[in-house]
Amino acid sequence: MSGRYVAICVALAALALVPAVATVADAPFYTGLFARIMVFAIAAVSLDLILGYGGLVSFGHAALAALVIGFVSLRTSGVYFIMITLAFGQMVYFVAIGLNEYGGDDGLNIARHSDFGAALNLDRPVVFYYFAYGLLLLFLFLGNRIVQSRFGMLLQGVKSNERRMIALGFPTFRYKLTAFVMAGAVCGIAGALFANLTLFVSPSIMHWTRSGEIMMMVILGGLGSLVGPVFGAAAYLILESVLSRLTEHWQAVLGPILILVVLFSKTGLYGIFALPRRRSG
Amino acid sequence: MIYAVEQVLNGVQFGVMLFLMAAGLTLIFGIMNLINLAHGSLYMVGAYVAAAIFSATGSFLLGLAAALSAAVLVGIAIEIIVFRTLYERDHLDQVLATFGLILFFNEMVRILWGSTALYMSVPGFLSGRVELLPGIPYPAYRVAIIAVGLAIALLLYLLIARTRIGMLIRAGASNRVMLGALGINVRLLYTLVFAMGSALAALAGVMAGPIFTVESGMGESVLILAFVVIVIGGIGSIRGAFVAALLVGVVDATGRAFLRPFLTIFMGGSAAAKFGPALASMLIYILMAAVLFVRPQGLFPPRGL
Amino acid sequence: MAEALLETAGLTKRFGGLVATGDVSLSIAPGEIHAVIGPNGAGKTTLIGQLSGELTPDSGAIRFAGAEISRLGPARRAALGIARSFQITSIFREFTALDNVALAIQARAGHSFRFWRAARRDARLRDPAFAALGVVGLAGRAELVAGSLSHGERRALELAMALATAPRLLLLDEPTAGMGPEESASMVRLLAGLKGRFSIVLVEHDMDAVFALADRITVMVYGRVIASGTPAVIRADPEVRRAYLGEEGG
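Protein chains in written order, with this note's numbering: chain A, 1 to 281; chain B, 1001 to 1305; chain C, 2001 to 2250.
Right, dumping it as structure tokens:
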């Protein structure tokens, strides 16, 4: 337990050195890549909260209208839930296209980075990097508290056996909705960061395949471990970056790799690198 | 009036195409308990193969035959290589593996046919217009789609209601454990259902070719609509998929055609121009939300436990 | 007799053409163990489902502690003090035994919109959970993952979870199902020890257990109540003997 814990802390701490190393090595590209990793890691961690702990699969996650969507989709369960959030995610995508005012299909140019006063100028990649890094650490910390809290125990109970939870007297719907909305909010923050990173918001970031990518990161990293998705995001984006330099058709390689990971690993990268979680004991 | 009838017909035509997609999806889910996001890829494979063969040989029917065979082969291949290990897995694993398939197929068609969209023309023998109702000429190609779609729906109905295979499919949709207990070769049945679903998806893809653009990723938006259809219809129900597909098709087509003029009455032209299209694209999702609110299991939940 | 804790009147539930429970009227006094017996398909589990709220009756009324509850959902009824065990053991397999019971305690400890304090270090959950495990004889297994417990231990764990919600009425659906004679006997001892502290509706196939525990017995056949009374009355009832006890009661 403690050895793994230390390893994770070291790995997370090492991320703080990325901009320095990139500067020394004269490869600023890496600051950008790792900033992207942070942003997606935040989204992936938020998805993991409802996916890995609550057992709710949500493709509509990248869309921000989580409350309303959650309200309708949580009335249903299992497969219906997957398909419905997927559909609502797509709906938000179409609405975004439909609203020509905001650039429609072509997206919305953001004239400048969000401004948090002179102290925090997100224009500078290094500042942005540490801002995203700080947020990621904050969310990991908060997530860790939540997972261990009564609320977190309840979510895990729902994932394990919802019928039993209801028979015990938990009105599970309102808790699931809360988790859904919390995760949606955090994912929204990741979306805002992403917009800042690329200075451009197009509906394509809301297309359901984008949510699929974030979900890939969670699975790749291992479900139900908060740090897993961070590794997952890193692995996915680094893989993408490496493959896309090798070949234009990197998706034809990435797809089968993902299939192999699903077929041959049940616990994701986290499970491969770390000890098995909570077996008998 | 002519315009209105045309829009309803467009809706029906879109609806039967969605039905072809949804029928396979709902059977595969109902019987194998598998969520197949890559169902849209088979639709795309169908469209690409048909477009390529059609333009190379000039024969639409040859293209159609090639598309169906290609999709069935691809479908059986991925069933054997990927899905057999996935049936017993978590829905999440299925979602992810099939997402990987989507990435793969989208890229493969780019490698094979380039990243620009293919053009597919309406076959010569269906290029004219026919008077479906007196005074209302309607493109023959779309009439053909409606006719083929309805014929397939009828065939499926007969297959499922009247034949031994159909009986097994029905039994499988309501009680999967029972099939094995009856000594049925479940593996073979699964492969068969999967091949059938692939052929139906490819058929939809071929028919869509001359109407929409044939491009990489074309399967994904149709897939979502097919999901909407089977959720509204009740997962596992062919009858539900049929009713819901027509409903979604007609609501979508008429919404796009009439919502804007309708809104103009209430909010003036400029506002209607702004909100009309956005609202029209939301319409089927609103329909889905409304149906689910009243019936969380869809219109025709499959019987059994 | 004191006023009934639970009363049903004309409880009817159909599945298609099949009458699962037809016009079932029961009355359960505080502290009473009321056994429901009958052959397979008699509607016993359907009855439990309607009492716990997982099924909604087509017609009829259920009064619990003086209030009409037949339209309330299962979570609301659990909160009112109706706890149940399932015919097929229903626990959180990935959790430890202690975590299982702690969740049951948490269900009774007000809302769970508590995001900060670690639940596994919360004595208000852990102490009573540990005590409940002690009652069913699982104190030594507290830290084991529930899925690794033996069948009998899982049944006992499920009972501990039901007890931990501090119920007024226990609905037990075949607590000795699938148990060997030894495990079964220890479950009967356990239930005998609870006698008088809770009202219990006990669905059970094991006739020895039923006649050892029950204050009153209701016999159901094809969804209908054919007899209801004390064990002595039921044992002597000719219709029951013919319809059900015939072979076994001899």
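Quick reminder that beta carbons are idealized off the backbone N, C-alpha and C, glycines included.
Everything numeric in this text was worked out from a predicted model, so none of it was measured.
Whole-Å CB distance - residue i paired with residue j, under 8 Å assumed
i, j, result
"G1063 (chain B)", "A1077 (chain B)", "About 21 Å; that fails the 8 Å criterion."
"L1259 (chain B)", "L1279 (chain B)", "6 Å"
"A2042 (chain C)", "V2221 (chain C)", "6 Å"
"G2060 (chain C)", "G2073 (chain C)", "No, G2060 (chain C) and G2073 (chain C) are not in contact; Cβ-Cβ is about 17 Å, not under 8 Å."
"A2177 (chain C)", "A2160 (chain C)", "Contact doesn't hold; Cβ gap of about 17 Å is too wide."
"A233 (chain A)", "A41 (chain A)", "4 Å"
"F2115 (chain C)", "S149 (chain A)", "5 Å"
"L263 (chain A)", "T1057 (chain B)", "Contact flag wrong, Cβ pair sits at about 38 Å."
"L197 (chain A)", "A35 (chain A)", "6 Å"
"V2101 (chain C)", "A2129 (chain C)", "4 Å"
"V2219 (chain C)", "V2240 (chain C)", "5 Å"
"Q2050 (chain C)", "P2057 (chain C)", "5 Å"
"E1079 (chain B)", "T1191 (chain B)", "6 Å"
"V1251 (chain B)", "L1287 (chain B)", "6 Å"
Limits of the alpha helix (DSSP H) - the one that residue i falls within
i, result
"E1131 (chain B)", "Element bounds for E1131 (chain B): not the alpha helix (DSSP H) but the beta strand (DSSP E), R1129 to L1133."
"I1145 (chain B)", "A1140 to R1162"
"S1069 (chain B)", "F1060 to I1081"
"V1248 (chain B)", "I1238 to M1267"
Cβ shell of residue i (< 7 Å), same chain only, five flanking positions each side left out
i, result
"G1240 (chain B)", "G1233, G1234, G1298, L1299 and F1300"
"A1257 (chain B)", "Q1007"
"T1254 (chain B)", "Q1007, V1008 and G1011"
"I1146 (chain B)", "V1012, Q1013 and V1016"
"N1036 (chain B)", "L1025, I1028 and T1098"
"A1965 (chain C)", "Given that chain C is displayed from residue 2001 to residue 2250, the structure contains no residue 1965 (chain C) and the question cannot be resolved."
"T172 (chain A)", "V158, E162, M165 and I166"
"N100 (chain A)", "A caution first: N100 (chain A) carries a pLDDT of 42, below 50, which makes its placement in the model unreliable, though a value can still be read off. Taken in chain order, the list of residues that qualify is empty."
CB of residue i within 8 Å of CB of residue j, strictly
i, j, result
"L2005 (chain C)", "A2079 (chain C)", "no"
"M215 (chain A)", "L47 (chain A)", "yes"
"L1096 (chain B)", "I189 (chain A)", "no"
"L2213 (chain C)", "V2188 (chain C)", "yes"
"Y1043 (chain B)", "M1021 (chain B)", "yes"
"G255 (chain A)", "G1100 (chain B)", "yes"
"L2125 (chain C)", "A2118 (chain C)", "no"
"I2037 (chain C)", "I2200 (chain C)", "no"
"L1018 (chain B)", "V1229 (chain B)", "yes"
"L1283 (chain B)", "F1275 (chain B)", "no"
"T2008 (chain C)", "I2062 (chain C)", "yes"
"I2267 (chain C)", "L2169 (chain C)", "Residue coverage of chain C in this structure runs from 2001 to 2250, which leaves residue 2267 (chain C) outside it and unanswerable."
"L2172 (chain C)", "L2202 (chain C)", "yes"
"A1047 (chain B)", "G1209 (chain B)", "yes"
"I1165 (chain B)", "L1159 (chain B)", "yes"
"R2108 (chain C)", "G169 (chain A)", "yes"
"G1236 (chain B)", "G1030 (chain B)", "yes"
"L226 (chain A)", "G143 (chain A)", "yes"
C-beta neighbour in chain D for residue i, strict 8 Å
i, result
"R150 (chain A)", "The chain labelled as chain D is not found among the protein chains of the depicted structure, namely A, B and C."
Endpoints, the beta strand (DSSP E) within which residue i is located
i, result
"T2218 (chain C)", "R2216 to V2221"
"S2228 (chain C)", "R2224 to G2229"
"H2034 (chain C)", "I2033 to I2037"
"G2010 (chain C)", "L2006 to F2015"
Neighbourhood of residue i by C-beta, 6 Å cutoff - its chain only, sequence neighbours within 5 removed
i, result
"V1130 (chain B)", "A1140 and V1143"
"S244 (chain A)", "W250"
"I205 (chain A)", "Unreliable positioning characterises I205 (chain A) in this predicted model, as indicated by a pLDDT of 49, which lies under 50. A coordinate reading is not provided."
"V230 (chain A)", "A41"
Own chain residues within Cβ distance below 8 Å of residue i, not counting five before or after
i, result
"V1045 (chain B)", "A1067, A1070, A1071, V1074, F1105, V1109, A1202 and G1205"
"L258 (chain A)", "M216 and L220"
"S1216 (chain B)", "M1044, N1106, E1107, V1109, R1110 and S1115"
"L2103 (chain C)", "F2092, F2095 and M2161"
"E2248 (chain C)", "With a pLDDT of only 48 at E2248 (chain C), under 50, the local geometry of the prediction cannot be trusted, and the value read off the model is given with reservation. Closer than 8 Å at Cβ, skipping near neighbours: M2207."
"S1966 (chain C)", "Since the first residue of chain C shown is 2001 and the last is 2250, residue 1966 (chain C) is not available in this structure."
"L1132 (chain B)", "L1009, Y1138 and V1143"
"G2229 (chain C)", "R2216, I2217 and D2237"
"M1001 (chain B)", "none"
Heavy atom of the ligand FAD within 7 Å of residue i beta-carbon
i, result
"V1074 (chain B)", "Ligands displayed in this structure: none; no statement on the ligand FAD is therefore possible."
Starting from the N-terminal side, write out each stretch of the alpha helix (DSSP H) that is 4 residues or longer and does not extend beyond the segment 1174 to 1231 of chain B.
-> 1176 to 1181 and 1186 to 1208
Can you give, in chain order, each stretch of the alpha helix (DSSP H) that sits fully within the segment 2074 to 2106 of chain C and has at least 4 residues?
-> With a minimum length of 4 residues, the continuous alpha helix (DSSP H) runs that stay inside the segment 2074 to 2106 of chain C are 2074 to 2080.
Whole alpha helix (DSSP H) runs in the segment 2167 to 2203 of chain C with 4 or more residues, listed along the chain?
-> 2181 to 2194
Whole runs of the alpha helix (DSSP H) within the segment 2122 to 2160 of chain C, excluding any shorter than 4 residues | 2123 to 2135
Mind listing, in chain order, the continuous alpha helix (DSSP H) runs of no fewer than 4 residues lying wholly within the segment 2040 to 2078 of chain C?
-> 2044 to 2052
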